[in-house]
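Residue numbers (the working numbering), protein chains in the order written: chain A, 153 to 450; chain B, 41 to 384; chain C, -3 to 308.
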């Protein structure tokens, strides 16, 4: 309502504090954030949490069921896989791959995407048209197919898969950055900064970037979950992590033949992927609400 | 129905607002936007609600229309139109009155009109309150209305889309839609603020003419005292959510009683006939939130403030009838403090 | 006398897309000349579409005019290297023109870092001194723009313009978005700065009552052309151009109760710009065939310029 939108936040708090306040009142987003923090902590302190080496094969206990099952083996709370490796340990170590890869992929994509998008948004003209058409072509190919093509060219490895996924995610960052830059460039405060002598990359980093960070942060969280999914998909197809790396997608792929005899071997890595992706999506949605002044709750 | 009732005894007000309070919630806190507003509007009368941003003038007008939405909350109040309390009705019952007996025009005509329909379609939509009309009847009535608001080429206008018309033309269309059901009360929320002066003069003129013709009551919300002087009969001055003074328009400019009203008048550039002279301004700025304020809300900016102004809150004294004066001050002013600075 | 700022017949046209493929050229400014003396306030008055904001963009050299030339202290703009330091601008809406993610100190620091080679303590001195000049506290330099009230925000915007000690400040509707009581404070501040620092103001507004208080000279624009220009006293007390007369009649006057309602009710038609007639002829009560057939020249009438055949 008109008389309520006059000030963006409450006097006395900085823009970031305002965002944090709004985010903290969104319980679902906070839950997502908590889950992510737990997952990250687990991944970082993996050796302290698990009882078994993820690669150690207990050949006498193959395909042991999880703890709720009456045949479960003590010490293997989530059971073992076909080679007798502890599934819990593999999942926790797998989180290292998935989360770290997700993070690296998003950073890479963000860095390149923002730079390219900023050039398109600030230079306009022919450069912009060329960049945009390239991004359109990339978006026209289904993401996973595109990633497969890139991996096929580069060769199957975890590093190449990560590179492929970050290329696939690139167009979103480019487009968002370009759109945000164009919107912000038309605002008075950018005009004022130009008159204050800021131009080029200085103008972008000092003036524009803090103001377009909101959509970029949201896109990063959502891309993080996409990256995990895509990496898992590539792993499942055998194009990403190679055995015996305990990457979640590879785990899924390796145990899919036991889906009927030992369903937990497939379900548990799937659940791990689901929970991580859901948590980061919920956080992303919450951040979108908290950062977007148009959906201002106050 | 509305026409018959408004033609009643002149003394019975058309609209009677009692003890209207609106809060809005921000980050878990309650802020008062308008507090205990009393207001009467008679048929054929224009009451201006004047105030700076944050004074609660818009909150008041929206509350009268029953348009307070979250985070705004209606705390208390009665809005009686011809004796019917609109706020006690269910939203479905209230909808029968909105648009028909009360209608509203807003500051930004271009935003208020739907960009994907032509003017003709939008006016036809507004005409549905008249019950069954054939397509041709609606069109001819739309033409009539468009002509009534002073648009020279009505056929062309009806076929236009809102973006093809200027701000002034769009505001005329809004007015045509607002008066299409012959409302007994029109609420105009800053209707000329976004318009050029020459267009503003035309719109004020038009509103006045329509009001005379239909004997319509009008609430005119504005921040601009000079607009008030050209259109209003009675004035309600609001400050930080409270009514601080209520008087006739002549009294307002000739002998304001509240220090805020006086200071506001003196800070008008037009008030100073000499060029290049310092304006007398009000120190400080209006309070953002009033929840923790005790005493008079104008205390910190008032030139006449004494100790008791900080300790206790003055009441709005005077008859609760809108034709008599009322002022919220312990020591109302007698006359303008400097007589040589008369308005030009 | 050498003028501080001078414009000689500036014109500016924009290409706009019309239809699917075609482009049309609209002339926004046409043959505009003015002079602004040191320590003077020149008010530019016009309604929306009169080109006053476009003119501001030419004056601060955000854009180059298509033809005509601008001079600062007699030197053409093209050869003024420090133009952006000596001509500064403040905008209508302070909340939009102040970067929401920057503290006041950072906002004021930006031009100093970009244009001047100063040490941190020298910058501190200038920034705190400038804040004091506009009536803000040193402590407030660490706050963000949204923590200020509307009037204070415009003070921040003014201090940002002042921090380079400019000769001219272009104010584009700088007080229009403010409440009346606060508007008076800001107008006073502008006059104080003119008197104390000798700052000249190029003051763009649609509000004629403000012009009367603040300005020394006034220029009335209509459809990108100068209709009338002269001293405030001359133009506001005895307007010579029919458009100026209409404009002044339209201004509601506080205290003059219910005066306006008797004004004329003619509807506004579109502006017809043609290279060979007066732009105001279709709305002018005095127009005759001569106004349609030829463009009226600037007539000098006791030191004021009027673009009308009927003046004088």
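Think of the CB as a built atom: it goes at the ideal place given N, C-alpha and C, for glycine as much as any other residue.
What does a CB cutoff of less than 8 Å around residue i pick up in its chain, not counting 5 residues either side in sequence?
i                      : result
residue 178 of chain A : 438, 441, 442
residue 342 of chain A : 336, 355, 359, 360
residue 343 of chain B : 299, 303
residue 232 of chain A : 210, 213, 214, 215, 216, 225, 238, 239
residue 61 of chain C  : 6, 7, 8, 25, 54
residue 228 of chain C : 39, 207, 208, 211, 212, 213, 214
Go ahead and label residue i buried or exposed: buried means 16 or more other beta carbons lie within 10 angstroms of its beta carbon, across all protein chains shown.
i                      : result
residue 89 of chain C  : buried
residue 19 of chain C  : exposed
residue 211 of chain A : exposed
residue 155 of chain B : exposed
residue 235 of chain C : buried
residue 193 of chain A : exposed
residue 350 of chain A : buried
residue 272 of chain C : exposed
residue 257 of chain A : buried
residue 106 of chain C : buried
Should residue i be flagged as near chain C, meaning a C-beta pair shorter than 9 Å?
i                      : result
residue 207 of chain B : yes
residue 309 of chain B : yes
residue 303 of chain B : yes
residue 358 of chain A : yes
residue 326 of chain B : yes
residue 339 of chain A : yes
residue 241 of chain B : yes
residue 346 of chain A : yes
residue 370 of chain B : no
residue 363 of chain A : yes
residue 267 of chain B : yes
Compute the beta-carbon to beta-carbon distance between residue i and residue j, rounded to the nearest angstrom, for a pair I have assumed lies under 8 Å.
i                      : j                      : result
residue 209 of chain B : residue 221 of chain B : The Cβ separation is near 21 Å, so there is no contact.
residue 274 of chain A : residue 333 of chain A : 6 Å
residue 166 of chain C : residue 55 of chain C  : 5 Å
residue 138 of chain C : residue 99 of chain C  : 5 Å
residue 247 of chain C : residue 237 of chain B : 6 Å
residue 119 of chain B : residue 60 of chain B  : 7 Å
residue 335 of chain B : residue 349 of chain B : 6 Å
residue 90 of chain B  : residue 278 of chain B : 7 Å
Are residue i and residue j closer than 9 Å when you measure CB to CB?
i                      : j                      : result
residue 157 of chain C : residue 210 of chain C : no
residue 400 of chain A : residue 384 of chain A : yes
residue 37 of chain C  : residue 223 of chain C : no
residue 284 of chain B : residue 369 of chain B : yes
residue 202 of chain B : residue 189 of chain B : no
residue 29 of chain C  : residue 325 of chain B : no
residue 107 of chain B : residue 81 of chain B  : no
residue 259 of chain B : residue 101 of chain B : yes
residue 163 of chain C : residue 1 of chain C   : yes
residue 269 of chain A : residue 328 of chain A : yes
residue 301 of chain A : residue 382 of chain A : no
residue 63 of chain B  : residue 115 of chain B : yes
residue 251 of chain C : residue 46 of chain C  : no
residue 158 of chain B : residue 200 of chain B : yes
In chain order, what residues of the same chain have a beta carbon less than 6 Å from the beta carbon of residue i, not counting five sequence neighbours either side?
i                      : result
residue 239 of chain B : 208
residue 408 of chain B : The question about residue 408 of chain B has no answer here: the residues shown for chain B are numbered 41 through 384.
residue 219 of chain A : 229
residue 70 of chain B  : 63
residue 171 of chain A : 442, 443
Answer with yes or no whether the minimum CB distance from residue i to chain A is below 9 Å.
i                      : result
residue 294 of chain C : no
residue 80 of chain C  : yes
Using a Cβ cut-off of 9 Å (strictly closer), state whether residue i contacts chain B.
i                      : result
residue 91 of chain C  : no
residue 248 of chain C : yes
residue 245 of chain C : yes
residue 175 of chain C : yes
Once you ignore the five residues that flank residue i on each side, which residues in its own chain have a CB closer than 7 Å to its CB?
i                      : result
residue 176 of chain A : 182
residue 436 of chain A : 370, 373, 374
residue 152 of chain B : 146, 214
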